[in-house]
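Undergrad: Would you mind keeping the following structure in view while I ask a few things?
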Amino acid sequence: MSGGQESQRQPLTGQELETLPGAADVLDLLDAVVDASGGQKRDGQRTMAAHVAQSLELDRHLLVQAGTGTGKSLAYLVPALHYAQHSDKPIIVATATLALQSQIVNRDIPRLLESVGDRPERETEVAILKGRNNYVCLHKLEGGYPDDEQETLFDVDPGGATGRLGEEVLRLRAWAETTDTGDRDELIPGVSDKAWRQVSVNASECLGRKCPLVESCFAELAKTRANESDIVITNHALLAINAFEGIGVLPEHEIVVIDEAHELADRVTGAVTGALSPAMVHSAARSMKKNTKADSSPLESAARNLDNALDGIPAALLPKGLPERVGHAMSQVLDATRTALSDTKSDAKDSDAGRQMVRAKLTEVMELAERMLNADEKYEVVWISRVGSWEPGRGYVAASDTDPATLHVAPLSVAGRLREGLFEDRTVVLTSATLTVGESFDSVAGALGLQGTGGPRWEAVDVGSPFDYPKQGVLYLASDLPKPGRGVSEEQLERVLELIEASRGGALGLFSSKRGAELAAEYVRERTNLNILVQGESSLRALVKEFGADTDSCLFGTMSLWQGVDVPGDSCRLVIMDRIPFPRPDDPLSAARTRAVAESGGNGFMAVSAYHAAIRMAQGAGRLVRSVNDRGVVAVLDSRIATQRYGSYLVKALPPFWTTQNKDVTVGALERLAASID
1462 MSGGQESQRQ PLTGQELETL PGAADVLDLL DAVVDASGGQ KRDGQRTMAA HVAQSLELDR
1522 HLLVQAGTGT GKSLAYLVPA LHYAQHSDKP IIVATATLAL QSQIVNRDIP RLLESVGDRP
1582 ERETEVAILK GRNNYVCLHK LEGGYPDDEQ ETLFDVDPGG ATGRLGEEVL RLRAWAETTD
1642 TGDRDELIPG VSDKAWRQVS VNASECLGRK CPLVESCFAE LAKTRANESD IVITNHALLA
1702 INAFEGIGVL PEHEIVVIDE AHELADRVTG AVTGALSPAM VHSAARSMKK NTKADSSPLE
1762 SAARNLDNAL DGIPAALLPK GLPERVGHAM SQVLDATRTA LSDTKSDAKD SDAGRQMVRA
1822 KLTEVMELAE RMLNADEKYE VVWISRVGSW EPGRGYVAAS DTDPATLHVA PLSVAGRLRE
1882 GLFEDRTVVL TSATLTVGES FDSVAGALGL QGTGGPRWEA VDVGSPFDYP KQGVLYLASD
1942 LPKPGRGVSE EQLERVLELI EASRGGALGL FSSKRGAELA AEYVRERTNL NILVQGESSL
2002 RALVKEFGAD TDSCLFGTMS LWQGVDVPGD SCRLVIMDRI PFPRPDDPLS AARTRAVAES
2062 GGNGFMAVSA YHAAIRMAQG AGRLVRSVND RGVVAVLDSR IATQRYGSYL VKALPPFWTT
2122 QNKDVTVGAL ERLAASID
């Protein structure tokens, strides 16, 4: 076996589970919780709970694939609750999405604590912890910070505020006076990012202990609660910052449980990816000029030089690092920000929020400039992006080489950083419904840093699913359709219509682009009387709620619908994917990673693009069967899955539905299903 892996286990069952170290007491507690809540024992849930208990007992990393319907949150929360009774450090539970975070905090843990009664030896404290900019800043709310926005929280007339922003500002003011947490997610309905920025600061802008309102700061209170809790619920991004940036944003801990672990590598990559543009440098210079007495002209000059140096360079991957002229301009930016930081230095007691915001901007620019200048192509990827424009009468106009440019830098791989920053000196449990491709954990283990020389010891187990996929679902591979080109083809649109007419609605359309979803919606609307919902026409939460309430409606959208949509029952009986969700061909990071795998002797396409697509398709297909009574069809309208060699690899990643390439058989199944609902 490669790396430090000990074994990929076949899950134990029945009484065998109780023989695992630490499992007996946890299973006893889990059974008591299930009985108290009126639930039914699930073999997969008990198997997972036992293996998690063993992992915590033996201090060994564990990967658990647990299919939809397993009840995996309870399967790791019960062992965590049991272990927390004997630990002096909190257990961290990290999720990728706010939806799951909210579910754990507001539903799963309260039900768990209510069910266990007095079983724990002591009362269990649970806290939720997010990034600082998710909480209201009281000092900023009271006007302690300058604001560059044209319309701010402090110059809106309470008696004459108009428009959406004005309404949001007034509502924010009223809410801030009554909230106990200051947590943005508790504000319902929510507000725009523009409004929220007027009452929040990020970590670098915060005055910390120098703030005059630090004792009542919502972010500090949340951190204090987390430090005093047994279980702390957070997100992947905060976990990444804690592990890689050397900033103790989380309480000291020895155990981490990571849910939605298939997202971890991408979320970590996003958290440590940097972007720097001439506009950012100009903004820092303007802020410096406005809020300090220091000379901002050197920084303004450096910003102009960087802008000029980028002019004419196409948006693309920079495989050899910064071009010479860009590197020279970036060095000027670095020197100017270092000087500016020296000129704006304050004494230890200085609580000037304006100066702190200036220094935060300068520090960000300096660190990014230094990182880009020193980027090693073996470890980091640098690229240029440009954004087009929207012109009346012409619509979106593609970017040219003279449009505003942004430089990006990202790690070629986060495996090494995860190994050192997360897995070292901790016990980590990672779980998801989609961790394997073709029954192997190797791909995800490699992406997370568990494979290779010097890798830590880990085990993996697939506890299966309670669903009978071959009987509950059909996988239709439309092999007769033309190979996809740009956009959605006429043939695909016709097939979408045929399938939806056969199912009489109840379709979740997963499209590779917003335009594709809109075209399909327009096509079906013109030819049927069905209620077609489209992402972007309302909030995602409202759309999903309406889709679930109306069994004959259809919901079309893009990547955010491919995972996280949970609509059990007849409302979702057909899932349509317009194409295999490979990364964009011009995606610089994917291109660089593909090239790196190929240069090391591997298959770059399979390791990067095909793996990415397999996990996304598995998540998308997972929207169909959410309960033991659900039935339906997953239709893939990309003929390559049936005609190309990599197609079998993708199919192996999907739930084991009964598979066909016959359109008539699929239409007949949908018609019978629709008739049974009537």
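The opening residue of the sequence shown carries number 1462 in this note's numbering; numbering runs sequentially from there. C-beta: ideal position from N, C-alpha, C; glycine also.
1. In angstroms, rounded to a whole number, what distance separates the CA positions of residue 1612 and residue 1749?
2. Grouping DSSP H, G and I as helix and E and B as strand, with all else coil, what is residue 1564?
3. So for residue 1711, helix, strand or coil by DSSP?
4. Helix, strand or coil for residue 1644 per DSSP?
5. For the alpha helix (DSSP H) that contains residue 1984, what are its first and last residues?
6. Assuming residue 1823 and residue 1791 make a contact with CB atoms under 8 Å, what is their CB distance in whole Å?
7. For residue 1769, which residues in the same chain have their Cβ closer than 8 Å to its Cβ, ignoring the five residues on either side in sequence?
8. If you run the structure through DSSP and keep just helix, strand and coil, what is residue 2147?
9. I believe residue 2140 touches residue 1967 by the beta-carbon criterion, under 8 Å. Please report the beta-carbon distance rounded to the nearest angstrom.
10. Would you identify the three-state DSSP class for residue 1845, choosing helix, strand or coil?
11. Give me, in chain order, the residues of the same chain whose beta-carbon lies closer than 6 Å to that of residue 1623; leave out the 5 immediate sequence neighbours on both sides.
12. Relative to the alpha-carbon of residue 1694, which residue among 1563, 1869, 1886 has its alpha-carbon at the smallest distance?
13. Buried or exposed for residue 1848, going by 16 or more other Cβ atoms inside 10 Å?
14. Taking just the CA atoms, how far does residue 1672 sit from residue 1626?
15. Here's a check: name, in chain order, each residue in its chain whose Cβ is nearer than 7 Å to the Cβ of residue 1702, leaving out the five neighbours to either side.
16. Quick one: residues in its chain with C-beta nearer than 6 Å to the C-beta of residue 1536, no 5 flanking neighbours on either side, listed in chain order?
17. Do residue 1845 and residue 1868 have their CB atoms nearer than 8 Å?
18. Closest to residue 1647 by CA distance: which of 2139, 1567, 1786, 1815 is it?
19. For residue 2085, which residues in the same chain have their Cβ closer than 6 Å to its Cβ, ignoring the five residues on either side in sequence?
20. Beta-carbon within less than 7 Å of residue 1598's beta-carbon, same chain only, minus the 5 sequence neighbours each way: which residues are those?
21. For residue 1837, which three-state DSSP category applies?
22. Report the rounded CA-to-CA distance for residue 1539 versus residue 1491, giving the unit in angstroms.
23. Please say whether residue 1523 and residue 1896 have beta carbons closer to each other than 8 Å?
24. To the nearest angstrom, how far is it from the Cα of residue 1528 to the Cα of residue 2079?
25. Is residue 1826 helix, strand or coil when you go by DSSP?
26. List the whole-angstrom C-beta distance separating residue 1480 from residue 1503, where the pair is believed to meet the contact cut-off of C-beta under 8 Å.
27. Evaluate residue 1781 with the Cβ neighbour count: other Cβ atoms within 10 Å of its Cβ, from every protein chain shown; 16 or more gives buried, anything less gives exposed.
28. Per DSSP, which one or two residues make a beta bridge with residue 1705?
29. Between the alpha carbons of residue 2119 and residue 1645, how many angstroms are there, rounded?
30. Are the beta-carbon atoms of residue 1682 and residue 1592 separated by less than 8 Å?
31. At a cut of 8 Å, does the region 1924-1931 reach the region 2100-2111 through at least three beta carbon pairs?
32. For residue 2040 and residue 2099, I'd like the C-alpha separation in whole angstroms.
33. Buried or exposed: which applies to residue 1691, given that a residue is buried once 16 or more other Cβ atoms fall within 10 Å of its Cβ?
34. Ordered along the chain, which non-local residues of its own chain (more than five positions away) have a Cβ less than 6 Å from that of residue 1514?
35. In chain order, what residues of the same chain have a beta carbon less than 7 Å from the beta carbon of residue 2142, not counting five sequence neighbours either side?
36. Thinking just about the alpha-carbon of each residue, which of 1817, 1905, 2028 is nearest to the one in residue 2004?
TA: In brief:
1. Walking along the sequence shown from the start, residue 1612 turns up at place 151. Walking along the sequence shown from the start, residue 1749 turns up at place 288. Reliability of the predicted coordinates at residue 1612 is poor, the pLDDT of 43 falling under 50, and no value is obtained from them.
2. Here residue 1564 corresponds to residue number 103 of the sequence shown, with the count starting at 1. In this structure, residue 1564 counts as helix in the three-state DSSP scheme.
3. Start at 1 with the first residue of the sequence shown, and residue 1711 comes out as number 250. If DSSP states are grouped into helix, strand and coil, residue 1711 belongs with coil.
4. Locating residue 1644 in the sequence shown gives position 183, counting from the first residue. Note: residue 1644 maps to strand in three-state DSSP.
5. Against the sequence shown, residue 1984 aligns to sequence position 523. Note, residue 1984: alpha helix (DSSP H), 1975-1988.
6. Position 362 of the sequence shown, counted from the first residue, corresponds to residue 1823. Position 330 of the sequence shown, counted from the first residue, corresponds to residue 1791. Contact flag wrong, Cβ pair sits at about 15 Å.
7. Against the sequence shown, residue 1769 aligns to sequence position 308. Cβ within range, chain order: 1790.
8. Only positions 1462 to 2139 of the chain appear in this structure, which leaves residue 2147 out of reach.
9. Absent from the structure is residue 2140, since the part of the chain shown begins at 1462 and ends at 2139.
10. Taking the first residue of the sequence shown as position 1, residue 1845 is located at position 384. Residue 1845: strand per DSSP, three-state reduction.
11. For the purposes of this step, residue 1623 is taken as the residue at position 162 of the sequence shown. Its pLDDT being 48, under 50, residue 1623 is placed unreliably by the model, and nothing is read from it.
12. Translated into the one-based positions of the sequence shown, residue 1694 becomes position 233. Looking at the Cα atoms, 1563 is the closest of the given residues.
13. Within the sequence shown, residue 1848 is the residue found at index 387, counting from 1. Under this definition residue 1848 is an exposed residue.
14. Counting from one through the sequence shown, the residue named residue 1626 turns up at place 165. Counting from one through the sequence shown, the residue named residue 1672 turns up at place 211. When rounded, the distance between both Cα atoms is 28 Å.
15. If you number the sequence shown from 1, residue 1702 lands on position 241. Around residue 1702: 1708, 1710, 1732.
16. Translated into positions along the sequence shown, residue 1536 becomes position 75. If we look at residue 1536 and ignore the five residues flanking it on each side, its Cβ neighbours are 1506, 1509, 1510.
17. Sequence index remark: in the sequence shown, residue 1845 carries index 384 (1-based). Sequence index remark: in the sequence shown, residue 1868 carries index 407 (1-based). Closer than 8 Å, so yes.
18. Stepping through the sequence shown from its first residue, residue 1647 is reached at position 186. Among 2139, 1567, 1786, 1815, the Cα nearest to that of residue 1647 is on 1567.
19. Position 624 of the sequence shown holds residue 2085. Cβ within range, chain order: 1934, 2036, 2093, 2095.
20. Position 137 of the sequence shown holds residue 1598. The residues are 1660, 1661, 1662.
21. To locate residue 1837, count along the sequence shown from 1; it is residue 376. Three-state DSSP puts residue 1837 in coil, outside helix and strand.
22. Working through the sequence shown from its first residue, we reach residue 1539 at position 78. Working through the sequence shown from its first residue, we reach residue 1491 at position 30. Residue 1539 and residue 1491: Cα-Cα distance of roughly 6 Å.
23. As a working note, residue 1896 is residue 435 in the sequence shown. As a working note, residue 1523 is residue 62 in the sequence shown. No, the pair does not count as a contact, with Cβ atoms beyond the cut-off.
24. The residue you call residue 1528 lines up with position 67 of the sequence shown. The residue you call residue 2079 lines up with position 618 of the sequence shown. Their backbone Cα atoms lie some 11 Å apart in a straight line.
25. One-based indexing of the sequence shown puts residue 1826 at position 365. Helix.
26. The residue given as residue 1480 occupies position 19 in the sequence shown. The residue given as residue 1503 occupies position 42 in the sequence shown. So it is not a contact: roughly 20 Å between Cβ atoms.
27. Translated into positions along the sequence shown, residue 1781 becomes position 320. When all chains shown are included, residue 1781 counts as exposed.
28. Looking up residue 1705 in the sequence shown gives position 244. Answer is none; residue 1705 lacks a bridge partner.
29. As a working note, residue 2119 is residue 658 in the sequence shown. As a working note, residue 1645 is residue 184 in the sequence shown. Looking at the two C-alpha atoms, the distance is approximately 44 Å.
30. Reading the sequence shown from its first residue, position 221 is the one you call residue 1682. Reading the sequence shown from its first residue, position 131 is the one you call residue 1592. No, they are not a contact pair.
31. no
32. For the purposes of this step, residue 2040 is taken as residue 579 along the sequence shown, with counting starting at 1. For the purposes of this step, residue 2099 is taken as residue 638 along the sequence shown, with counting starting at 1. Straight-line Cα distance between these residues: approximately 5 Å.
33. Numbered from its first residue, the sequence shown carries residue 1691 at position 230. Residue 1691 comes out buried.
34. Residue numbering aside, residue 1514 sits at position 53 when the sequence shown is read from its first letter. Here the set comprises 1483, 1484, 1487, 1540.
35. Because residue 2142 is not part of the residues shown, which for the chain are 1462 to 2139, the question remains open.
36. The count along the sequence shown starts at 1 and reaches residue 2004 at position 543. Answer by Cα proximity: 2028.
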